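In the working numbering, the protein residues as written are 541 to 1240.
Structure first, commentary second.
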Amino acid sequence: MSTAVGCEMHQGVAIVTLDAPDGKVNILTSAFLHDLESTARRLERKRPTAAVVLSAKSGGFIAGADIREIQRVTDAAEGAELAREGQRIFELWSNLPFPVVAAIHGHCMGGGAEFALACDFRIAAPDAAIALPEVRLGILPGFGGTQRLPRLIPVEKALELILTGRKVRAEKAFRIGLVDRIAPADGLLDAALVLAREAVLDKRHLLAARKRKTKGLRRWMLEKNPVGRTLLFRKADKSARARSGGHYPAPPAIIEVMRKGLSLPLPKGLELEAAELGRLITTPECKNLVHVYFLSQRPGKGHGLRVEARPLRRAAVLGAGTMGGGIAQLLADRGIPVLLKDIRPEAVAAGLEQARRIFGKEASRKKKDRDAVTGKMENITGTVSYDGFHEVDLVVEAVVEKMTVKQTVLKEVETHLPESAVFATNTSALSVSELQSASTRPGNVGGMHFFNPVHRMPLVEIVRGGQTSDLSTATLFEAARRLGKIPVIVEDRPGFLVNRLLVAYLNEACLLADAGVDWLSLDQKAEEFGLPMGPFRLIDEVGIGIAAEVGKTLSRAFSYLPESHLLPRIVSSGLTGKKGGKGFYLYPRKKKPVPNRAVDRQLGLRKLRNATVFDMRKLLLLMVNEAGRCLEENVVNTPEDVDTGMVFGTGFPPFRGGLCRWADAEGLPGLVRELEEISAEAGRRYEPCAYIKERDSFYH
Ligand code: NAD
């Protein structure tokens, strides 16, 4: 039987190689854990002078636990037992009577990082990225991470790493004491052997050096006296609650387990950790977050079309406005040379400036070398001509939202492009099929609908017009993937998927406000549900003009959707939303937005009552119905498509797993009955569509 863990001797030192028999990366499945256990037992008997553990996979050390196993567990006792099992095996490694060095390159995540923590020493190659990302799946590191990390590095740093799940690169890992040394990738094993031999000769000396590095006044004040420590945990709790809005059970559990565990001997701390893992792993939040994780991995499965995408070597973007500047930045960031064209030189300059700003911000956020990142700006060439377009494989069009302009631009650019180039419009709601009618090669025309801000929003809708070829669809899908985005293929219906659901929701919120429901309290209800912002704040964010325009397009396309009169009223009042600094909120520079109560008077809104939970539920029900219609009309094929669009395109709360997951958890038949009741009063838009009436749930 092939095994994941190999072992050979080298001058008295055991070299342990991690190499799962199938798969490109090492995943901590139960079989892998079993191999780790038998290797530890063998080493106990063999008694080498030391051991070095390294991975044979080019991608990294260990990529984490098997997430399908997390999905499967529905019983708290079973979950706790799973954690105990991992802890027990890592304890075996930790208690081996000779020094063990983990030699880490590439990804060292989750259970992999916990295994490395159970080793005596860690040495990392410069490309090492260590993380405990379990919080993102609604659980905590359950193989000892919550206990071993704060015993190794400053508690403040340990809390930060476990509560955010963020990756730590080798250099920082060294600075905070998470790894003991850094070595070049091609000399990692040799350097690990040197460290192992030093540890055999004088382990105490090495441990003292580690202690000296992480010691300091700040650590002493915060961690070594009870008042400082209480403050530290309180602060962590406060910021975790602010980040999660109290919707995620894992962060407070992590803080509690770490706080209590630190005042207990390690075995007792580990027991606390296992029990909490058991509790968290069965929560709906965990299951939903795991579901969202799998949604995020769907692009890896490909587009499902039987063609191979065309290569993408050079690109062009038409229109250097809000979206064009962002799309050019993204292409440049991925090393794709891009021409950024506008009709106005000042717009080109502004587009380049926007790209530079994003690069600058990313550089300081990721603490990357500013020169290296800004060097990528050289991939963008600003222009007002079509020079160079004969070499381009992909054109993304992001000019103003007008069919006549877009068709003119398409006709014009086609005369400069090679035959094979694919043209993608970034339109929010115009018909790709109508646009295609202006093309001499309509098969090469499709949609690539990015979301604003481009560098932050993970979703891209790949729109298939009536004549878009499979080859073009596949090319656009792969282009989005290469840009690090999550593509979803959608059919060319008004609003595609995301804007159709979103605009129905925003429109309904406006109807409620016009009927006397206080808009600010409705925004609060949406936030309480877990949305990143309420509908009125979102209208400001999208831009009042665009929201009104798309609202009108959809009301025209779908006769059951009455157009709210509020948005056109706001447009004529001169308010533009965030971009002009004023909308439902005011946007003072560098400060948080504040509600702009003057709009009530300006727009003639009478506040008759505050919004209730039921108002928010109505908005959600409307979207569920609209999602059913999209599936019925084959705008998308599966509820996974809907949930991918909602979570990654609108920020629908991940802990709810997506709109369809939410509907299933509430019980679809019950929602259908509610819709029927509401429709009796509110009209056709609430009449449940056949798709949801015919099913008990979206997913089963
Ligand atoms: P914008 O007004 O900021 O930019 C449009 C740019 O196009 C301007 O710089 C203008 O000078 C330029 N332009 C006009 N005619 C041109 C031509 N013939 N050739 C080259 N450039 C030309 O608009 P935006 O917000 O970036 O939106 C662009 C497109 O993206 C629209 O179709 C919009 O619906 C879509 N979109 C916008 C958002 C958003 O949130 N802003 C989100 C998704 C999609």
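All C-beta atoms, glycine included, are put in the ideal place defined by N, C-alpha and C.
Because the structure is a prediction, the values reported are computed rather than measured.
* To do: Kindly examine ligand 1 and report whether one of its heavy atoms sits closer than 7 Å to the Cβ of S968.
  => Yes - ligand 1 has a heavy atom lying nearer than 7 Å to the Cβ of S968.
* Would the beta-carbon of T862 be found less than 7 Å away from any heavy atom of ligand 2? -> This structure does not include ligand 2; its bound ligands are ligand 1.
* Asked: Which partner residues does Y1125 have in the DSSP bridge list?
  -> DSSP lists P1135 as the bridge partner or partners of Y1125.
* Keeping to the same chain, check which residues put their C-beta closer than 8 Å to that of E1172; ignore five residues upstream and five downstream. => C1229, A1230, Y1231
* Would you give the residue range spanned by the alpha helix (DSSP H) that V935 belongs to? => In this chain, V935 is not harboured by any alpha helix (DSSP H); it is covered by the beta strand (DSSP E) spanning 934 to 937.
* Pick helix, strand or coil for P1209, following the three-state DSSP scheme. => Note: P1209 maps to helix in three-state DSSP.
* Asked: With which residues is E557 paired in a DSSP beta bridge?
  -> Note on identity: in this sequence residue 557 is Thr, with Glu being the wrong assignment. Answer by DSSP bridge pairing, in chain order: G546, L594.
* Across which residues does DSSP place I567 in a beta bridge pair? -> The partner list for I567 (beta bridge, DSSP) reads G604.
* Asked: Does the distance from the C-beta atom of R1235 to that of L1208 stay below 8 Å?
  -> Taking 8 Å as the Cβ cut-off, R1235 and L1208 qualify as a contacting pair.
* Within 7 Å: the Cβ of H995 and any heavy atom of ligand 1? -> No - ligand 1 has no heavy atom lying nearer than 7 Å to the Cβ of H995.
* **CB of A591 within 8 Å of CB of F638, strictly** => yes
* Asked: Taking A961 as the reference, which of F1098, A1151, A855 has the closest Cα?
  -> A855
* To do: Output the distance between the C-alpha atoms of G859 and F1017, rounded to the nearest integer angstrom.
  => 21 Å
* Asked: Per DSSP, what kind of secondary structure is R709 in: helix, strand or coil?
  -> strand
* Hey, could you find the ends of the beta strand (DSSP E) P1027 is sitting in? => 1026 to 1031
* Asked: Given V994, which residues of its chain have a CB within under 8 Å of its CB, disregarding the five upstream and five downstream residues?
  -> M863, G866, I867, Q869, L870
* So the beta strand (DSSP E) T980 belongs to, where does it begin and stop? -> Premise fails: T980 is in no beta strand (DSSP E) and is neither H nor E.
* Asked: Helix or strand or just coil, what does DSSP make of L826?
  -> For the record, residue 826 in the displayed sequence is Cys; it is not Leu. Helix at C826.
* Selection from H647, I679, E654 that minimises the alpha carbon distance to P666 -> Relative to P666, the option among H647, I679, E654 whose CA is nearest is H647.
* To do: Return the bridge partner residues of K881 from the DSSP annotation.
  => L858, T923
* If I'm right that F1188 touches L999 with Cβ under 8 Å, what's the distance once you round it to whole angstroms? => 4 Å
* Using alpha carbons as the reference points, say which of P588, Q551, I610, S598 lies closest to L568. => Per the C-alpha coordinates, the member of P588, Q551, I610, S598 positioned closest to L568 is I610.
* Can you tell me which of P1179, G1210, G651 puts its alpha carbon nearest to the alpha carbon of I679? => G651
* To do: Specify the secondary structure class of I679 as computed by DSSP and reduced to three states.
  => coil
* To do: With a threshold of 7 Å, establish whether the CB of L1094 neighbours any heavy atom of ligand 1.
  => Taking non-hydrogen atoms of ligand 1 into account, the C-beta of L1094 is found less than 7 Å away from none of them.
* L999: first and last residue of the uninterrupted beta strand (DSSP E) it sits in -> 999 to 1004
* Ordered list of alpha helix (DSSP H) runs contained in the stretch 1084 to 1130, each at least 4 residues -> 1084 to 1097, 1106 to 1113
* Could you give the distance in angstroms between the alpha-carbon of N635 and the alpha-carbon of L835? -> 39 Å
* In three-state DSSP terms, what is I876? -> coil
* **Bridge partners - H989, DSSP secondary structure assignment** => E1001
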